[in-house]
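Just below is one structure, and these are the notes that go with it.
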Amino acid sequence: MNNSKLETRNSKLVTALLCVVFAGACAKAPARTAPAAPPPPPAPAPADLARGWDAEHVSSPLSPLVDHAEVVRRLDEVKKASPDLFGVESIGQSLEGRSINHVTLGRGPFPVLLWSQMHGDEPSATSALFDLFEYVQRHRDDPMVRRLLDALTIHVVPMLNPDGAARFQRRNVQSIDINRDALLLQTLEGQLLKGLRDRLNPKIGFNLHNQSWRTSAGRPPKPASISLLSVAFDEARSMNEGRTLTKKTCAIIRDALELLAPGQIGRYDDDYEVRAFGDNVTKWGTPVVLIETGPWTTLGNPDPALVRLNFVAILTALDALATGRVSQADPQRYESLPLNESRLFYILVKNASIVNGAGVAPFTGDIGIVANRFVAEDGGRKVVRLALRIDDLGDLRTFGAIETIDATGLVAAPLFAQELKPGQEVTLPAWTAMQKNPWTLEVGQAGGVVLLKPASEGRYVVERVIMPAVTLEGGR
Ligand SMILES: [Zn+2]
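Under our numbering, the sequence shown has 254 at position 252, and the numbering climbs by one with no breaks.
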């Protein structure tokens with residue numbers, strides 16, 4: 003028997019003796035429980051928040067085009083419109099002299115820190131933060147916003163890596179991945195984030211990123227539109243109070259988002275990365291939730307749908323923290339999320355007769371095409387483009403796609419002329435004469451593909467043209 007058991011037994015004995023002395027009193031004594039706390043207010047309905055976003059959001063439809071100047075302008079605007087609600091300070095500058103800003107909302111006892119775009123080409127959450135500021139302003143007298151501002155102090159760093167954002171690149175101007183610089187702190191941006199964390203000592207942090215459009219959740223694979231991670235603080239992925247809080251917060255976010263994006267929520271691999279900020283911020287005492295924004299379910303510009311999900315995720319999580327509802331969440335709702343996988347293509351052409359344009363005899367197979375997003379100059383203005391590339395070829399039945407094309411009975415060939423249109427009748431070029439054609443249907447090649455329906459001898463009708471590059475439209 004160990005000491006604590008002995009103590010328990012002794013204390014039981016003492017209680018029993020006291021009960022004999024004060025006979026009757028014990029039987030009537032009420033159980034020693036704390037007075038029942040009032041139940042937390044109900045969670046906001048995700049569909050209501052999403053509808054609110056539809057009606058009121060201010061973020062632009064193409065988040066890759068949001069630059070540092072826009073961040074500064076928007077922060078000036080909210081501060082001017084509601085100086086009593088928003089505190090805005092510059093905590094320092096990037097290497098190229100762009101301000102890195104810290105926004106404060108609320109005066110509650112529970113400090114929360116959110117930072118976005120530590121990777122310059124991961125912009126979705128920055129836009130969602132603008133929409134959060136707008137929501138707080140517009141609804142400042144609503145009970146939900148009032149309890150947020152009473153219970154929490156919300157600290158926000160939108161666009162931690164403005165130099166990377168200016169180039170739409172992951173790394174900062176030193177070519178360092180800031181998210182692998184938490185130990186050496188060779189980046190000004192990393193130093194500023196650590197300095198802010200140490201000054202504020204937040205009780206929870208939200209690290210806001212975008213993940214590859216190849217990321218899938220579940221089988222059959224669906225787009226992992228949002229992936230969540232309760233960030234580990236050691237190799238053993240140990241549990242502590244902080245990780246329980248972040249797992250419960252992830253569970254709250256999952257339950258909210260799954261109503262808007264069923265089957266599209268994934269769990270990010272929780273391997274400990276000794277150099278990363280999320281892991282170290284957690285270790286330093288601020289448990290971190292990682293929110294990764296991934297692909298959406300439609301071709302073209304996914305931003306509005308994804309910014310909307312971010313907005314609902316962040317607001318729902320903050321409300322659960324403010325009301326204490328988070329304590330009732332079931333961490334299993336996080337644990338049971340499907341792990342992220344890379345099983346998604348942008349377009350998957352299935353079961354085509356492939357004429358690869360490189361002299362190989364036709365064969366039957368699937369073509370997996372991926373899309374990468376980049377910012378380009380076009381006539382003096384910036385545009386967002388997608389570059390399509392063939393990433394896999396053969397039997398791709400274990401993969402999913404944003405769009406799957408059943409090409410049974412069709413010929414897939416390299417897009418041999420830019421002006422091809424559906425319905426047009428063509429003959430295939432003599433590929434041997436096309437030695438200089440850079441487009442062949444091979445892995446690593448541009449994703450320009452034409453799907454053709456065999457017509458009369460040697461002639462084909464164009465069924466579908468997949469362009470190797472697409473400019474995204476910014477219209478709402
Ligand atoms: Zn990232």
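From the three backbone atoms N, C-alpha and C, an ideal C-beta is built for every residue, glycine too.
On the DSSP bridge assignment, give the partners of Arg387 in chain order.
-> Mapped onto the sequence shown, residue 387 falls at position 385. The partner list for Arg387 (beta bridge, DSSP) reads Phe376, Thr473.
Backbone CA spacing between Ser6 and Gly244 [nearest angstrom] | Locating residue 6 in the sequence shown gives position 4, where the first residue counts as 1. Locating residue 244 in the sequence shown gives position 242, where the first residue counts as 1. A caution first: Ser6 carries a pLDDT of 43, below 50, which makes its placement in the model too unreliable to give a value.
Rounded C-alpha distance that separates Gly54 from Ala258 = Taking the sequence shown and counting its residues from 1, one reaches residue 54 at position 52. Taking the sequence shown and counting its residues from 1, one reaches residue 258 at position 256. Computed Cα separation, rounded: 15 Å.
Leu154 and Gly108 look like a contact to me (Cβ under 8 Å); what is the Cβ gap, rounded to whole Å?
-> Translated into positions along the sequence shown, residue 154 becomes position 152. Translated into positions along the sequence shown, residue 108 becomes position 106. Correct: roughly 5 Å between the Cβ atoms.
Helix, strand or coil for Asp508, going by three-state DSSP, please let me know.
-> Past the boundaries of the shown model lies residue 508; the chain is included only from 3 to 478, so the question cannot be answered.
Any non-hydrogen atom of ligand 1 within 7 Å of Asn2 CB = Because residue 2 is not part of the residues shown, which for the chain are 3 to 478, the question remains open.
In this structure, does DSSP put Lys455 in helix, strand or coil?
-> In the sequence shown, residue 455 corresponds to position 453, counting from 1. Here Lys455 sits in strand by DSSP.
CB contact flag (His121, Leu198, <8 Å) | Numbered from 1 along the sequence shown, position 119 holds the residue referred to as residue 121. Numbered from 1 along the sequence shown, position 196 holds the residue referred to as residue 198. No. Outside cutoff.
Output the residue ranges of the beta strand (DSSP E) runs that lie fully inside the segment 57-102 and measure 3 residues or longer, sorted by chain position.
-> 88-95
Kindly confirm or deny that the segment 50-65 and the segment 125-137 touch, where touching means at least three C-beta pairs closer than 8 Å.
-> yes
Local Cβ density within 10 Å of Thr410, reported as buried at 16 or more and exposed below that = For the purposes of this step, residue 410 is taken as residue 408 along the sequence shown, with counting starting at 1. Counting Cβ neighbours within 10 Å, Thr410 comes out exposed, since fewer than 16 surround it.
State whether the segment 283-297 contacts the segment 206-222, with contact taken as three or more CB pairs (one from each stretch) at a distance under 8 Å.
-> yes
Is DSSP giving Asn353 helix, strand or coil here?
-> Locating residue 353 in the sequence shown gives position 351, where the first residue counts as 1. Looking at Asn353 - three-state DSSP - the assignment turns out to be strand.
Where DSSP assigns a beta bridge to Lys224, which residues make up the other side?
-> Counting from 1 along the sequence shown, the entry for residue 224 is found at position 222. Answer is Ala219, bridged to Lys224.
Residues in its own chain within less than 8 Å of Val23 by CB, not counting five upstream and five downstream?
-> Position 21 of the sequence shown, counted from the first residue, corresponds to residue 23. The predicted model places Val23 with a pLDDT of 39, which falls under 50 and marks its position as unreliable, so this point remains unresolved.
Keeping to the same chain, check which residues put their C-beta closer than 8 Å to that of Trp441; ignore five residues upstream and five downstream.
-> Your numbering for residue 441 matches position 439 in the sequence shown. Here the set comprises Gly359, Pro416, Leu417, Phe418, Gln447, Ala448, Gly450, Pro470.
With contact counted as at least three CB pairs below 8 Å, one residue from each stretch, are the segment 135-154 and the segment 319-339 in contact?
-> yes
Beta carbon of Glu124: closer than 7 Å to some heavy atom of ligand 1?
-> The count along the sequence shown starts at 1 and reaches residue 124 at position 122. The answer is yes for Glu124.
Give the secondary structure of Pro306 by DSSP, where H, G and I count as helix, E and B as strand, and everything else as coil.
-> Looking up residue 306 in the sequence shown gives position 304. It is helical.
Which value, in whole angstroms, describes the spacing of the CA atoms of Ile404 and Ala278?
-> For the purposes of this step, residue 404 is taken as the residue at position 402 of the sequence shown. For the purposes of this step, residue 278 is taken as the residue at position 276 of the sequence shown. Cα to Cα, the separation comes out at about 31 Å.
Unbroken alpha helix (DSSP H) run spanning Ile254, endpoints | Position 252 of the sequence shown, counted from the first residue, corresponds to residue 254. Segment 243-259, the alpha helix (DSSP H) holding Ile254.
Compute the minimum distance between the beta carbon of Asn342 and the heavy atoms of ligand 3, and state whether it is under 7 Å.
-> This structure simply doesn't include ligand 3; it includes ligand 1 instead.
Go to Ser129, then tell me how far its alpha helix (DSSP H) extends in each direction, as first and last residue.
-> Looking up residue 129 in the sequence shown gives position 127. From DSSP, the alpha helix (DSSP H) with Ser129 extends over 126-140.
Consult DSSP for Arg466 and reduce its assignment to one of helix, strand or coil.
-> Counted from its first residue, the sequence shown places residue 466 at position 464. DSSP places Arg466 in strand when its eight states are reduced to three.
Report back the beta-carbon spacing between Pro125 and Ser177 to the nearest angstrom; my notes put them in contact at under 8 Å.
-> Within the sequence shown, numbered from 1, the residue matching residue 125 stands at position 123. Within the sequence shown, numbered from 1, the residue matching residue 177 stands at position 175. In fact, because the Cβ distance is near 19 Å, the residues do not count as touching under 8 Å.
For Val283, three-class secondary structure by DSSP | Walking along the sequence shown from the start, residue 283 turns up at place 281. Correct three-state label for Val283: helix.
Any heavy atom of ligand 1 closer than 7 Å to the Cβ of His121?
-> Sequence index remark: in the sequence shown, residue 121 carries index 119 (1-based). For ligand 1, at least one heavy atom lies less than 7 Å from the Cβ of His121.
Cα-Cα separation, Leu261 to Gly302 = What you label residue 261 is simply residue 259 of the sequence shown in a count that begins at 1. What you label residue 302 is simply residue 300 of the sequence shown in a count that begins at 1. Distance between the alpha carbons of Leu261 and Gly302: 23 Å.
Answer yes if the segment 264-274 comes into contact with the segment 162-179, meaning at least three C-beta pairs across the two stretches below 8 Å, and no otherwise.
-> no
Ligand 1 heavy atoms versus the CB of Asn181: any closer than 7 Å?
-> For the purposes of this step, residue 181 is identified with residue 179 of the sequence shown, where counting begins at 1. Yes, since a heavy atom of ligand 1 falls inside the 7 Å radius drawn around the Cβ of Asn181.
Per DSSP, Glu294 forms a beta bridge with which residues?
-> Mapped onto the sequence shown, residue 294 falls at position 292. For Glu294, which the question treats as bridged, DSSP gives the partners His211, Ser229.
Residue range of the alpha helix (DSSP H) that Asp408 falls in?
-> Numbered from 1 along the sequence shown, position 406 holds the residue referred to as residue 408. Counting along the chain, Asp408 falls outside any alpha helix (DSSP H), though it belongs to the beta strand (DSSP E) covering 402-408.
Who are the Cβ neighbours of Cys252 in its own chain at under 7 Å, not counting the five residues just before and after it?
-> Against the sequence shown, residue 252 aligns to sequence position 250. Closer than 7 Å at Cβ, skipping near neighbours: Leu230, Ser232, Val291, Tyr336.
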